[in-house]
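*Asks:*
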Amino acid sequence: MKILNERFVSWAEAKKLLAKRQKEKELGYEQKNALEHLKKFSKLSEKTVKQMMEELKGIEKLKEKHIVAIANILPQDLDDLRVLFANEVVNLSDEEKKKILSIVKKFS
């Protein structure tokens, strides 16, 4: 198998892709497990996640991987947000952190 491109996807989009592939052919063991996990933990629709991600793109310091992680985990407070950025070299201001949390609360 040749990899043509690689990108970060939200859990909602991954769930949609795996469900579509499941209709086309039988999924492998890992794919079945991933789909079951996504059905349990993916809380928002793909449309809602895309809207949230568009708003998060307005925060300049966030990279695509940060935006996807925020959309997947849906941090509810500063501690949750701090955990997401624990191993990152992103220095967010208090105002930016509050803006992220308000965007998440708006869509979740």
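At position 96 of the sequence shown the residue is numbered 307 (this note's numbering), and the sequence of numbers has no breaks. Yeah, the Cβ is synthetic: ideal placement off N, Cα and C, and Gly gets one too. Please read all numbers here as calculations on a predicted model, not as lab measurements.
(1) Report all residues from its chain with a CB closer than 8 angstroms to the CB of F296; omit the five preceding and five following residues, and keep chain order.
(2) Compare the beta carbon distance of K272 and V301 with 8 angstroms and say whether it is the shorter of the two.
(3) Exposed or buried, which one is I214 when buried takes at least 16 other CB atoms within 10 Å?
(4) Can you tell me whether Q287 is helix, strand or coil according to DSSP?
(5) Return the residue from the list E265, I270 and I284 that minimises the CA-CA distance to K375.
(6) Look up I270 in the DSSP assignment and say whether it is helix, strand or coil.
(7) Looking at C-alpha atoms only, which residue of L289, E306, A282 and I311 is the closest neighbour of K254?
(8) So the alpha helix (DSSP H) I225 belongs to, where does it begin and stop?
*Replies:* Answer, in terms of the structure:
(1) So the list reads H277 and L303, once near-sequence residues are dropped.
(2) With a cutoff of 8 angstroms on beta-carbon distance, K272 and V301 are scored as near each other.
(3) exposed
(4) Coil, per DSSP.
(5) Outside the shown range of the chain (212 to 319) lies residue 375, about which nothing can therefore be said.
(6) Coil, per DSSP.
(7) A282
(8) Just to set this straight, residue 225 is Ala in the shown sequence, not Ile. Run containing A225: W222 to E235, per the alpha helix (DSSP H) assignment.
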